[in-house]
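Worksheet: one structure, shown below.
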Amino acid sequence: MVTTNTFFLAVAAYCSPALGELIGVPTVPFTTSGSGAYDFSKTDAIIVDNRFANVTDTQGWTLIPPTLNNFASTFAQDLNSIALQAVHVQSGDKARDCSIFLTLDNSTDYVDAAGRWTSEAYTLDVQDDRVTISGASPLGLDAGRHFYLMDFIVEMCNWISFWKQNTFHLHLSDNLYNNVDIYSRERQLDLYARFRLLSNDSAVEGLNNHANESYTREDLDEIQHSCAARGMTIIPEIEAPGHALVISQWKPEFGLDGQLDLLNISSPATIPTMKAIWQTFMPWFHSKVVHIGADEYVSDELTTYELATLYNRFVNAMNGFISGFGKLIRIWGTYPPQANYTNNISTNVTIQHWEFFEDNPKFDYISNGYNVINSDDAFYIVQKYSGSYPQRLNKTRIFHGNPAGGAYAPNIYDTNNATNNVPRDSPYVPGHIAAQWNDYGPKTSTYLEAYYFWRDNLAALADKQWGGNLTEEQYDDVFERLQAAAPAQNLDRSVKSKTDTILRYDLSSAENGNVRDTSGNQYDGHTDCQTSNGSLIFDGTCSLTTPLSSKGQDYTLSFSALQHKDSPPGPLFTGPDSELRSGNGTSSQLMLVAAGNAFALNYSLPTDVWVDAALIGRGNRTFFAVGGDEEMEFTTTIGINGESFVWAPMQIVAPLGEIGGRGWKGEMREVELVGYA
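Encoded structure:
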């Protein structure tokens, strides 16, 4: 993956001509020319060169690039979120004191690792009274097996763009592993499989029957435009002819007998149907390239030659069709070219290598003239559980992953055998993409856990994707400071507080509906409930609202509660990311709800008895405790391909937006939130 130059705060915040080295993520060449420093807090204006204000970058993968003026507005919003004074956008022809001047400069020095001119470059000139940024241009998550909210994807774009990532590969269709050795046809037709785009076009009627787990055209437009504003291009993937169970569940006649997740390409209607799907959604995609999947098309019923012939027919047909829309395609490497094949895949198709049992990227593809994106499983993540893959990026591999010595880089397809790698300046290496997969479905994790799996080390990987020279020690020293400055996101769900005590409510009184926060942070609440005998009475319709939303780990949310005997199931605490409930439907169990799934304890609140309870977030685990009793843990049960189960912890944030309401009847005396567990 190559990355974008659309956000400069991480660099600018550490700029000083007195430095011999610019420590940022990713690292960039920096030449000192004197002493002194620029006081970033005095910046009051971003000045856009009026010669280039409406210029856009036409060299990247997006079809909706922001103008230089658009970028300046986004940049100003980010600065205003942390600046000591307001930063305004102005037009002009030069920098002035206390300003950042944005201009364009198509310098011949702006080249990529292969020596080609690139629009993804800039010069940063820091003086003691101003900064000038001269740019060359104004500038993959598995959603098939786990739905992610639009707002979460946009927030992820904002975060990863801070680390100069420029591509978000969004997997839009897939299914759980189809274990044909034990699954009947009926079970295959019922297995979890999803298509995430929702259209009322008759050509795809019935393909998506899960409207609440889908993206409308308006949703996808919002995602793509929001991400493009920060230099991020959404690369959409619709998977076929393998991993295509959702297509066969829609039209069972298109699946191979006995293995419905594979499409029967020899059927005369299969390829026209896939073309119809792509034709329906092509206007939705604002990128110059799309991904058609083409992964793991393997069956014991056919020979390798027969499978490759069918597979190549499909890929070449889709390539020809999609090129008619002016777009290129990418595929996962599955059947490399062979001399005895009569229909090898066209070399204008970009291969995305992920595993050596599928292909050798250097000898199978690059030697035959193909471009190969590096997504090798050295940085392949499977959420929460895997028998073979990790759940976090391997930091040691990032800093020491070159088998010839040194750090990882996009040209390192093999971290063990240097002979399988190409030179750093190979023109056949478009970049590197780290993939995160939901192999075991939606109940394995929450939305935010997808972020947690990348959080600590994605920035380090970004440094190496760009060829940076940051050491592991330097990274450990600077990361958390830069992470805290990442704008337009709060994926950590942090809450500002003067002390470890973030919020404390005494619910014995609520004058005029106001509930005072005695923590010193002034997070006062408001309620339409009544007080009586030193407690706040929740009658099933009233609630207490707070100015907070969620709190990420670590935390302890303590409260004293009495549940009335006639209380129906209902929420105790609700936030945008989670909900703590006393029962749901016919169940009385205490549970956390997150990402549309309930995680219940073998415990129910007693009735007409006061309990001192606490919801505890500690590391990647979440607990509930009552009094001095042993903590109970919220876990998830993961089904492993229909053969076994494993239990895994859940990292769920504290819900803080509303207390009570929507059913629950009872009383509370105190609520306290602290930032430790």
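In the UniProt record's numbering, the protein residues as written are 1 to 677.
Where is the CB? At the ideal position from N, CA and C, for every residue including glycine.
| Check | Outcome |
| --- | --- |
| Pull up the distance between the alpha-carbon of residue 666 and that of residue 216, whole angstroms please. | 40 Å |
| From the DSSP secondary-structure annotation, give me the bridge partner or partners of residue 437. | 382 |
| Would residue 480 be called buried (16 or more neighbouring beta carbons within 10 Å of its own) or exposed? | exposed |
| Please check if any C-beta of chain D sits within less than 9 Å of the C-beta of residue 287. | You won't find chain D in this structure, because it holds only one protein chain. |
| Between residue 552 and residue 628, is the Cβ-Cβ spacing less than 9 Å? | no |
| Rounded to whole angstroms, how far is the Cβ of residue 638 from the Cβ of residue 646, which I believe are closer than 8 Å? | 5 Å |
| Pick helix, strand or coil for residue 478, following the three-state DSSP scheme. | helix |
| Ignore the nearest five residues each way along the sequence and tell me which others in residue 386's own chain have a CB closer than 8 Å to its CB. | 439 |
| Is it the case that the Cβ atoms of residue 443 and residue 636 are separated by a distance below 9 Å? | yes |
| Per DSSP, which residues does residue 46 bridge with? Please list them. | 89, 100 |
| Tell me which residues share the same chain as residue 20 and place their Cβ nearer than 7 Å to its Cβ, disregarding the 5 neighbours each side in the sequence. | At residue 20 the pLDDT is 49, less than 50, meaning the model places this residue with poor confidence and gives no usable figure here. |
| Might you give, ordered along the chain, the residues of its own chain that have their beta carbon closer than 6 Å to the beta carbon of residue 370, omitting 5 neighbours on each side? | 347, 351 |
| Please tell me whether residue 403 and residue 364 are closer than 9 Å, where the distance is taken between their beta carbons. | no |
| Considering residue 486, what are the terminal residues of the alpha helix (DSSP H) in which it resides? | No alpha helix (DSSP H) holds residue 486; DSSP gives it neither H nor E. |
| Using the three-state DSSP reduction, which class does residue 282 fall into: helix, strand or coil? | helix |
| Which word fits residue 286, buried or exposed, when buried means at least 16 other C-beta atoms lie within 10 angstroms of its C-beta? | buried |
| Compare the Cα-Cα distances from residue 172 to each of 115, 158, 162, 146 and report the closest residue. | 146 |
| Assign residue 503 to one of three DSSP states: helix, strand, or coil. | strand |
| What is the residue span of the beta strand (DSSP E) that residue 668 lies within? | 665-674 |
| With distances taken between CB atoms, is the gap from residue 329 to residue 374 smaller than 9 Å? | no |
| With a threshold of 16 other CB atoms inside 10 Å of the CB of residue 606, please say whether the residue is buried or exposed. | exposed |
| Beta carbon of residue 206: closer than 8 Å to some heavy atom of the ligand MG? | No copy of the ligand MG appears in this structure; indeed no ligand is present at all. |
| Nearest-angstrom Cα distance between residue 74 and residue 229? | 7 Å |
| Please state whether the Cβ-Cβ distance between residue 661 and residue 542 is less than 9 Å. | yes |
| Spell out a yes or no on whether the stretch 286-302 and the stretch 320-334 are touching, meaning 3 or more CB-CB pairs, one atom from each, closer than 8 Å. | yes |
| Whole angstroms are fine: how far does the CA of residue 99 sit from the CA of residue 324? | 46 Å |
| Going along the chain, which unbroken runs of the alpha helix (DSSP H) with 4 or more residues stay wholly within the stretch 168-239? | 185-190, 217-228 |
| Hey, residue 25 and residue 475: beta-carbon distance below 9 Å or not? | yes |
| Within the continuous beta strand (DSSP E) that includes residue 555, where are the two ends? | 555-563 |
| Grab me the residues of residue 65's own chain with a C-beta within less than 6 Å of its C-beta, minus the 5 sequence neighbours each way, in chain order. | 56, 57 |
| Who pairs with residue 579 in a beta bridge, going by DSSP? | 574, 593 |
| In chain order, what are the residue ranges of uninterrupted beta strand (DSSP E) at least 3 long that sit wholly in the stretch 583-647? | 587-594, 597-600, 610-618, 621-626, 635-640 |
| Among 429, 302, 165, 256, whose alpha-carbon lies nearest the alpha-carbon of residue 454? | 165 |
| Helix or strand or just coil, what does DSSP make of residue 29? | coil |
| To the nearest angstrom, how far is it from the Cα of residue 9 to the Cα of residue 161? | Residue placement at residue 9 is flagged as unreliable, the pLDDT there being 29, under the threshold of 50; the coordinate-derived value follows with that caveat. Near 11 Å, if we compare the C-alpha coordinates of residue 161 and residue 9. |
| Ordered along the chain, which non-local residues of its own chain (more than five positions away) have a Cβ less than 8 Å from that of residue 168? | 140, 141, 153, 156, 157, 160, 227, 232, 233, 234, 235 |
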